[in-house]
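Novice:
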Amino acid sequence: NTKKKILQHKIRVFCRLRPMNRNEAGQGGTAFVEKIDDYSVSVETPRGLREFQFDKVFGAEASQDEVFQDTSLIQSVIDGYNVCIFAYGQTGSGKTFTMVGDKDQRNPGIMPRSFNAIFDITRENSSKFEFKQVSAYMLELYNDRLQDLFISQAAEAQAQTQPSSQTRRVEIKRTRKGVVFAQGAETKEASSAQELYALFQQACANRHIAATMNVESSRSHLIVVIMVESRNLTNGSISTGKLSLVDLAGSERAAKTGAKDHQLKEANSINKSLSALGDVISALSADLPHVPYRNSKLTQYATRVKAITNNAQRNVESKEIAQLKEVIMKLKSGLTVDDGDV
Ligand SMILES: Nc1ncnc2c1ncn2[C@@H]1O[C@H](COP(=O)(O)OP(=O)(O)OP(=O)(O)O)[C@@H](O)[C@H]1O
589 NTKKKILQHK IRVFCRLRPM NRNEAGQGGT AFVEKIDDYS VSVETPRGLR EFQFDKVFGA
649 EASQDEVFQD TSLIQSVIDG YNVCIFAYGQ TGSGKTFTMV GDKDQRNPGI MPRSFNAIFD
709 ITRENSSKFE FKQVSAYMLE LYNDRLQDLF ISQAAEAQAQ TQPSSQTRRV EIKRTRKGVV
769 FAQGAETKEA SSAQELYALF QQACANRHIA ATMNVESSRS HLIVVIMVES RNLTNGSIST
829 GKLSLVDLAG SERAAKTGAK DHQLKEANSI NKSLSALGDV ISALSADLPH VPYRNSKLTQ
889 YATRVKAITN NAQRNVESKE IAQLKEVIMK LKSGLTVDDG DV
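Residue numbers (the numbering used here): 589 to 930.
Spelled out as structure tokens, the structure:
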């Protein structure tokens, strides 16, 4: 019931306050955002104190586990729903800490915890479901270009120098049913949380970093997508749930750093896509008839949200359709089809 209630809400917005770091505390800084209760914060603005409401507010003392338990909907992914969690906030506000965790992974964030939870929950459900596949693709949106993070920049640069080779472009497409997918992105299978984490590390190693700035800062949007395909052992239906985890790049860099040239280009493209995302969220929450998804690659990726606003739908195929698809696949691959298949 709780899960159903959660899924009825099109978008849930959480607010997390991070503790002051040593520098800030050393300079005698004071917090200008205060948690009032579990659902509201007050912010000091030039025009006085303002209050903002959220579905939940996590104070500076909130642990990574608490945030994960309250935000993640892994069971829903296993049940065949599409779930997207993204972190939005200004540079240094704690997006990467929340989504990925700290560097030495002493405090893992939502991504590594999700990897573990997917395999833990599939194990717990193994008497009811046969888990056919867990697969993932990982992308970076940098300067308005989608980059497949399973392909290293060096490999891509080399491919571009060879006249005969065609560089694979990743494009956001939609199926007739409105399901968003990344065409051209390499999908890799994982059979354990460790394997999934290894894929994630490989992807992170291929990201762009502007060396002259704070190297820990994300200069691009990181998109990690995990698909879980399972067969219900009672009725034979097949469902494919999708979990999209997005660590957005920080905003406000251009003004603060006096960035030049390619760094300015980075900052502009980050701000453009974040502002397009802001427009989409405003339109969705105001129930406007037109939602400007097409204004940036980042928001094209979010088009599925429109469907969730009306009715959360599971990606389930009946036993019959699943069987027919299997037969077609076998026929295509030249395998023989016996009576039991049809
Ligand atoms: N809840 C928290 N508890 C302890 N430390 C935190 C917390 N949130 C963030 N930090 C620390 O604050 C610093 C900045 O956080 P983080 O890198 O996650 O910011 P960000 O929003 O991802 O920034 P950018 O947009 O520049 O990538 C990091 O050193 C991180 O470890």
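Glycine is no exception: its CB is placed at the ideal position from the N, C-alpha and C atoms.
1) Going by beta-carbon coordinates alone, are Cys-672 and Val-645 separated by less than 7 Å?
2) So is Ala-697 buried or exposed if we call it buried at 16+ other beta carbons inside 10 Å?
3) When we look at the beta-carbon of Asp-690 and count the other beta-carbons within 10 Å, is it buried (16 or more) or exposed?
4) Look at the Cβ atom of Val-665, then the Cβ atom of Gly-829, and state whether they are nearer than 7 Å.
5) Taking the alpha carbon of Ile-811 as the point to measure from, which residue in Ile-826, Ile-869, Gln-888, Lys-860 has its own alpha carbon closest?
6) Could you give the distance in angstroms between the alpha-carbon of Gln-641 and the alpha-carbon of Asn-856?
7) Please classify Lys-716 as buried or exposed, where buried requires at least 16 neighbouring CB atoms within 10 angstroms.
8) If contacts are defined as beta-carbon pairs under 8 Å, then Ile-709 and Gln-652 qualify, I think. What distance do you get, rounded to the angstrom?
9) Please list, in chain order, all residues of the same chain as Gly-838 whose beta carbon is under 8 Å from its beta carbon, the five residues on each side excluded.
10) Pick helix, strand or coil for Asn-794, following the three-state DSSP scheme.
11) Compare the C-alpha of Ser-714 against each of Leu-734, Glu-622, Leu-852, Asp-667 and name the closest.
12) Report the CB separation of Val-767 from Ile-760 in whole angstroms; it is logged as a contact under 8 Å.
13) Nearest-angstrom Cα distance between Ala-778 and Met-726?
14) Roughly how many angstroms lie between the CA atoms of Ala-791 and Arg-638, to the nearest whole one?
Specialist: According to the data block:
1) Cβ atoms of Cys-672 and Val-645: not closer than 7 Å.
2) According to the sequence as given, residue 697 is Gly; it is not Ala. So Gly-697 counts as buried.
3) Counting the other CB atoms within 10 Å of its CB gives Asp-690 a total below 16, which places it among the exposed residues.
4) It is a contact, given that the beta carbons lie within the stated cut-off.
5) Comparing C-alpha distances from Ile-811 to each of Ile-826, Ile-869, Gln-888, Lys-860 shows the shortest one belongs to Gln-888.
6) Distance from the CA atom of Gln-641 to the CA atom of Asn-856, rounded to whole angstroms, is 29 Å.
7) It counts as exposed.
8) Between Gln-652 and Ile-709 the Cβ distance is about 19 Å, and since that is not below 8 Å, they are no contact.
9) Gly-677, Gln-678, Thr-679, Gly-680, Ser-681, Lys-683, Ser-805, Ser-806, Ile-858, listed in sequence order.
10) Three-state DSSP puts Asn-794 in coil, outside helix and strand.
11) It is Asp-667.
12) Taking 8 Å as the upper bound for CB-CB distance, Val-767 and Ile-760 are not in contact here, some 11 Å apart.
13) In a straight line, the C-alpha of Ala-778 is about 13 Å away from that of Met-726.
14) For the pair Ala-791 and Arg-638, the Cα-to-Cα distance works out to about 40 Å.
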